[in-house]
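Just below is one structure, and these are the notes that go with it.
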Amino acid sequence: MKNSPLFFIALFGALALSFGALVLGSLRQFGQLDAYFDAGEGAAFPARAPGLAARGLLVYRDLGCASCHTQQVRRPGFGTDQERGWGDRQSVARDYIYQSRVQLGQTRIGPDLTNFGERAAKAGTDQGRLFLNLYAGQGGMPPYPFLFEARRIVGQPAKQALPVNSRPGYEVVPTRRAEALAAYLLSLNAGFTYPEAQPLESATEAKK
Amino acid sequence: MTFAPPIPDVPAPAASDPRAIDRSARWALLLLLASGLVWLAVGGVLALVHSIQLHTPGFLAASEWFTFGRTQAAAETALVYGWAANAGFAVALWLLGRLGGTPLRGLGLVKIGGAFWNLGVTLGVIGILGGDLTSFSLLQTPAYVQPLLLVAFAAIGTAGVLAWSGRRVGRTFAAQWYAVAALFAFPWVYSVAQAMLFALPVRGTMQAVVAVWAGQNVLSLWLGPLALAAAYYLVPKITGRTLAAYDLAAWGFGVLLFIGPWTGGRHLVGGPVPAWVPTVGIACSLLLLFHFIVVAINLRDVFGNPTGSTALRFMALGVAAYVLGGLIDAGTALRGAAKLVQFTYFAEAQTMLAILGGFTLPVFGAIYFLTPRVTGKTWGSDGLIKLHLGAAGLGLVLLVGGLAGAGLKQGLGLNDAGTAFAVIFDSVRPWLLVATAGVGLQLLGGVFLAVNLALQLQPESGGAAVANQPSAEPAP
Chain L
1 MKNSPLFFIA LFGALALSFG ALVLGSLRQF GQLDAYFDAG EGAAFPARAP
51 GLAARGLLVY RDLGCASCHT QQVRRPGFGT DQERGWGDRQ SVARDYIYQS
101 RVQLGQTRIG PDLTNFGERA AKAGTDQGRL FLNLYAGQGG MPPYPFLFEA
151 RRIVGQPAKQ ALPVNSRPGY EVVPTRRAEA LAAYLLSLNA GFTYPEAQPL
201 ESATEAKK
Chain S
1001 MTFAPPIPDV PAPAASDPRA IDRSARWALL LLLASGLVWL AVGGVLALVH
1051 SIQLHTPGFL AASEWFTFGR TQAAAETALV YGWAANAGFA VALWLLGRLG
1101 GTPLRGLGLV KIGGAFWNLG VTLGVIGILG GDLTSFSLLQ TPAYVQPLLL
1151 VAFAAIGTAG VLAWSGRRVG RTFAAQWYAV AALFAFPWVY SVAQAMLFAL
1201 PVRGTMQAVV AVWAGQNVLS LWLGPLALAA AYYLVPKITG RTLAAYDLAA
1251 WGFGVLLFIG PWTGGRHLVG GPVPAWVPTV GIACSLLLLF HFIVVAINLR
1301 DVFGNPTGST ALRFMALGVA AYVLGGLIDA GTALRGAAKL VQFTYFAEAQ
1351 TMLAILGGFT LPVFGAIYFL TPRVTGKTWG SDGLIKLHLG AAGLGLVLLV
1401 GGLAGAGLKQ GLGLNDAGTA FAVIFDSVRP WLLVATAGVG LQLLGGVFLA
1451 VNLALQLQPE SGGAAVANQP SAEPAP
């Protein structure tokens, strides 16, 4: 290796090769993925998140929620994602196309949140319950008291006030960030099944 | 291409005296080393806080700055971009200067670049604690400091490139290949990540593909090669023996260079990306075993220690951690194992083994060897070095073992749909306590090194000749 230019070309080429194939290759394959229009429903999926929920994604990112929660449901047989009720189908790339910063996550210290909105609706977890869990923590989840503020009660107590003890004459209410985060979490819903998310098993079972 | 005979650092006729080369770079290298040690302590404290939060979620939870997700990102950033980058720069520049046979040029750039790099990392860690983390593993520094880091890296790296291109010794050695590759690969990868994740973010889960490619390269083509450069240079130098099967070294290097960058996709197995991305990652993780085998063969003499050198003991632990990490990465890439350990603490154990084991331990060894030669003074305390060795070794075993045990328990629990998260949390708690003890020991070890360096730099500690060092390492 006396030849410096050759050495640097090899260094450059090694990275360029993997970058070209792995990154540019997959970019070409699914980098321009678009929404799917379903004629039956008369709507395109995935839906764009409403403004408050889109801001909630930023709160989710800045608190590092992804260090405990994933947002990806794997196929049946690879983990127990679906048995745990995290989703009825595996997540596909199209689910994420409108997310400004994709939060797939790498660790499941807490449950997956792909379908949190749908799950919460089924379990009757409303916004107030969610606020309480965020304020006080739950199981292995730390509390996030800084997303709430104690405020002097002026006139009637606020509708949003949490049923927790505070100084007399004060109430604990969610900040705008808590409201955005809750709106984001409750908007998480992967109810629509794209053609590419149909499990392959169903085709074989149909033959039987 | 011809490969050198296995005797590194043969002084060529025109080469300068290694002592002169070492001394000329004194202040630049000390700036990098001291900054690195400060970051090792900062990262250690943050890692300790994070580790306590794993088993005691309420710890510091009332403070937004130290909320769980942020302490993890901040600790990782302080350790990788603070400690590993600074220490890696120092070791790489030092050995490139020595192997080039000529005093380092561009040292002014190193000092300015070093100052700005550390400014960037400081802003980055504060930014993360303030909520500007990117949420991409190993690339957590906020987008706004990344250009600064790139420019500072270029300034520091210039000295390395000048040492390579202006070398007086014609042939090159494995240590130089790895050092130059590390200096070259980081800006390549980091600028791509900057462009595709932050400047013009790609759509949807393409972000995850870019992030695993870049994150893997941070470990495989930046930190790994820096540690290997140190080991390939110092193991033959300290043992006084030539490297075993040195002809294979070029193959080991080439395989890491060409296969390593492909392995990141394994983290996305089962995820919402094209299936070939993880499949290629798994296959390449297995191919990469060749590299780890070559490293193990080349450096096998590190395990016999005729001179009783403490620096070599650090190297031995580090080489073992590096090779073990490669084996575990390949093993857990397989789908059956991935199903068990994916999304668990086990992945964290692997990252820690790579950063605090495979990278940090060989670099500690190199620091113990090079600093007295650079300053011309002996280490303040030989006992502290031995204490550091014990703390770093035992700390790593407890940290990685604790996290790995917790990860396996967690994986078994997650794979049984009937096991609630509260049950998993209770079952992993003892393991996480062990991991916390490991982080504490690691931090303590780093403090021992920092104190020892401070003792060495004291003006009154005299200029005892390096050859009188009790650990009896061969003169430069």
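Taken in sequence, the protein lines are chains L and S.
Per the numbering used here, the very first residue in the first sequence carries number 1; after that it's consecutive.
Per the numbering used here, the very first residue in the second sequence carries number 1001; after that it's consecutive.
Even for Gly, the Cβ is constructed at its ideal location relative to N, Cα and C.
Do Val1302 (chain S) and Val1235 (chain S) count as a contact pair if the criterion is CB distance below 8 Å? Stepping through the second sequence from its first residue, residue 1235 (chain S) is reached at position 235. Stepping through the second sequence from its first residue, residue 1302 (chain S) is reached at position 302. Yes. Within cutoff.
Host alpha helix (DSSP H) of Glu196 (chain L) (start-end): One-based indexing of the first sequence puts residue 196 (chain L) at position 196. Run containing Glu196 (chain L): none; DSSP gives neither H nor E here.
Using a Cβ-Cβ distance cut-off of 8 Å, determine whether Val172 (chain L) contacts chain S. As a working mapping, residue 172 (chain L) is identified with position 172 in the first sequence. Val172 (chain L) does not count as touching chain S.
Secondary structure of Asp34 (chain L), DSSP reduced to three states: Stepping through the first sequence from its first residue, residue 34 (chain L) is reached at position 34. The answer is coil: DSSP assigns Asp34 (chain L) none of H, G, I, E or B.
Buried versus exposed, by CB contacts within 10 Å (16 or more), Asp949 (chain S): Missing from the structure shown is residue 949 (chain S); chain S here goes from 1001 to 1476 and no further.
Determine, using beta-carbon pairs with one atom in the region 172-181 of chain L and one in the region 98-106 of chain L, whether at least three such pairs fall under 8 Å. Touching, no, given that fewer than three Cβ pairs across the two stretches are closer than 8 Å.
Would you identify the three-state DSSP class for Tyr98 (chain L), choosing helix, strand or coil? Within the first sequence, numbered from 1, the residue matching residue 98 (chain L) stands at position 98. In this structure, Tyr98 (chain L) counts as coil in the three-state DSSP scheme.
Using beta-carbon positions only, say whether Leu1149 (chain S) and Thr1141 (chain S) come within less than 8 Å of one another. Within the second sequence, the letter at position 149 stands for residue 1149 (chain S). Within the second sequence, the letter at position 141 stands for residue 1141 (chain S). The answer is yes: Cβ separation under 8 Å.
Which word fits Leu1317 (chain S), buried or exposed, when buried means at least 16 other C-beta atoms lie within 10 angstroms of its C-beta? If you number the second sequence from 1, residue 1317 (chain S) lands on position 317. Burial call: buried.
Tell me which residues share the same chain as Ala1244 (chain S) and place their Cβ nearer than 7 Å to its Cβ, disregarding the 5 neighbours each side in the sequence. Position 244 of the second sequence, counted from the start, is the residue given in the question as residue 1244 (chain S). In chain order, Ile1297, Asn1298, Arg1300, Asp1301 place their CB closer than 7 Å to the CB of Ala1244 (chain S), counting only its own chain and leaving out the 5 sequence neighbours on each side.
Neighbourhood of Cys68 (chain L) by C-beta distance below 7 Å, restricted to the same chain and skipping five residues each side: To locate residue 68 (chain L), count along the first sequence from 1; it is residue 68. Here the set comprises Thr107, Ile109, Gly110.
If we ignore side chains and look at the alpha-carbon of each, how far apart do Trp1251 (chain S) and Leu1288 (chain S) end up? Your numbering for residue 1251 (chain S) matches position 251 in the second sequence. Your numbering for residue 1288 (chain S) matches position 288 in the second sequence. Rounded to the nearest angstrom, the two C-alpha atoms are 11 Å apart.
Got a sec: which bits of the region 1156-1189 of chain S sit with their beta carbon under 8 Å from any beta carbon on chain L, in order along the chain? Trp1164, Ser1165, Gly1170, Arg1171, Thr1172, Trp1177, Val1180, Ala1181, Phe1184, Ala1185, Trp1188, Val1189
In the region 89-119 of chain L, which residues sit with their C-beta less than 9 Å from some C-beta in chain S, listed in chain order? Within the region 89-119 of chain L, the residues whose Cβ lies closer than 9 Å to some Cβ of chain S are Gln90, Ser91, Val92, Ala93, Arg94, Asp95, Tyr96, Ile97, Tyr98, Gln99, Ser100, Arg101, Val102, Gln103, Leu104, Gly105, Gln106, Thr107, Arg108, Ile109, Gly110, Pro111, Asp112, listed in chain order.
Can you pull out the residues from the region 173-190 of chain L whose beta carbon lies closer than 8 Å to at least one beta carbon of chain S? none
On the DSSP letters alone, give me the boundaries of the alpha helix (DSSP H) that Arg1105 (chain S) sits inside. Sequence index remark: in the second sequence, residue 1105 (chain S) carries index 105 (1-based). Note, Arg1105 (chain S): premise wrong, no alpha helix (DSSP H); not H, not E.
So the candidates are S:Leu1054, S:Ala1154, S:Val1080; which of them puts its Cα closest to the Cα of Gly1069 (chain S)? One-based indexing of the second sequence puts residue 1069 (chain S) at position 69. Per the Cα distances, S:Leu1054.
Could you confirm whether any beta carbon from chain L is found closer than 8 Å to the beta carbon of Pro1272 (chain S)? Taking the first residue of the second sequence as position 1, residue 1272 (chain S) is located at position 272. Yes, contact with chain L.
Residues in its own chain within less than 7 Å of Leu1107 (chain S) by CB, not counting five upstream and five downstream? Position 107 of the second sequence, counted from the first residue, corresponds to residue 1107 (chain S). Correct list, in chain order: Ala1025, Ala1028, Ala1159.
So what's Gly77 (chain L) in DSSP terms, helix, strand or just coil? Locating residue 77 (chain L) in the first sequence gives position 77, counting from the first residue. Looking at Gly77 (chain L) - three-state DSSP - the assignment turns out to be strand.
Between Ala47 (chain L) and Phe37 (chain L), is the Cβ-Cβ spacing less than 8 Å? Here residue 47 (chain L) corresponds to residue number 47 of the first sequence, with the count starting at 1. Here residue 37 (chain L) corresponds to residue number 37 of the first sequence, with the count starting at 1. The answer is no: Cβ separation not under 8 Å.
Rounded to the nearest angstrom, how far is the Cβ of Gln1350 (chain S) from that of Gly1325 (chain S), given a contact under 8 Å? Taking the second sequence and counting its residues from 1, one reaches residue 1350 (chain S) at position 350. Taking the second sequence and counting its residues from 1, one reaches residue 1325 (chain S) at position 325. Yes, they are in contact, since the Cβ atoms of Gln1350 (chain S) and Gly1325 (chain S) sit about 7 Å apart, within 8 Å.
Taking the CB atoms as reference points, tell me whether Asn1217 (chain S) and Ala1179 (chain S) lie closer together than 8 Å. By one-based count along the second sequence, residue 1217 (chain S) stands at place 217. By one-based count along the second sequence, residue 1179 (chain S) stands at place 179. For Asn1217 (chain S) and Ala1179 (chain S), no; Cβs fall outside 8 Å.
Secondary structure of Val1273 (chain S), DSSP reduced to three states: Position 273 of the second sequence, counting from 1, holds the residue named residue 1273 (chain S). Note: Val1273 (chain S) maps to coil in three-state DSSP.
Anyone know if the C-beta pair for Val1045 (chain S) and Leu1443 (chain S) falls short of 8 Å? On the second sequence, position 45 is the one that residue 1045 (chain S) refers to. On the second sequence, position 443 is the one that residue 1443 (chain S) refers to. Their beta carbons are under 8 Å apart, which means Val1045 (chain S) touches Leu1443 (chain S) by this criterion.
Range of the contiguous beta strand (DSSP E) that encloses Phe148 (chain L): In the first sequence, residue 148 (chain L) corresponds to position 148, counting from 1. Start and end: 148-152.
Does the contact criterion of 3 or more C-beta pairs under 8 Å hold for the region 15-26 of chain L versus the region 1251-1264 of chain S? yes
Can a CB atom of chain S be found closer than 8 Å to the CB of Gln156 (chain L)? Position 156 of the first sequence, counted from the start, is the residue given in the question as residue 156 (chain L). Chain S contact via Cβ: absent.
Under a three-way DSSP split, which group does Phe45 (chain L) fall into? If you number the first sequence from 1, residue 45 (chain L) lands on position 45. Residue state, collapsed to three classes: strand.
If the criterion is Cβ atoms closer than 8 Å, does the pair Leu1219 (chain S) and Leu1138 (chain S) meet it? For this step, residue 1219 (chain S) is matched to residue 219 along the second sequence. For this step, residue 1138 (chain S) is matched to residue 138 along the second sequence. Contact: yes.
Distance, Cα to Cα, Arg55 (chain L) vs Thr1067 (chain S)? If you number the first sequence from 1, residue 55 (chain L) lands on position 55. If you number the second sequence from 1, residue 1067 (chain S) lands on position 67. So the two alpha carbons sit approximately 19 Å from each other.
What would DSSP say about Tyr144 (chain L), mapped onto helix, strand or coil? What you label residue 144 (chain L) is simply residue 144 of the first sequence in a count that begins at 1. Coil at Tyr144 (chain L), not helix or strand.
Would you decide whether Leu1449 (chain S) is buried or exposed? Buried here means 16 or more other CB atoms lie within 10 Å of its CB. By 1-based counting over the second sequence, the position of residue 1449 (chain S) is 449. It is buried - the Cβ of Leu1449 (chain S) has at least 16 other Cβ atoms within 10 Å.
Residues sharing a beta bridge with Pro174 (chain L), DSSP: On the first sequence, position 174 is the one that residue 174 (chain L) refers to. BP columns for Pro174 (chain L) point to L:Phe148.
To which residues of the same chain is Ala1062 (chain S) closer than 6 Å at the C-beta, ignoring the five residues directly before and after it? Against the second sequence, residue 1062 (chain S) aligns to sequence position 62. None.
With C-beta atoms as the reference, is Gly1270 (chain S) less than 8 Å away from Arg129 (chain L)? Start at 1 with the first residue of the second sequence, and residue 1270 (chain S) comes out as number 270. Start at 1 with the first residue of the first sequence, and residue 129 (chain L) comes out as number 129. No, the Cβ-Cβ distance between Gly1270 (chain S) and Arg129 (chain L) is not below 8 Å.
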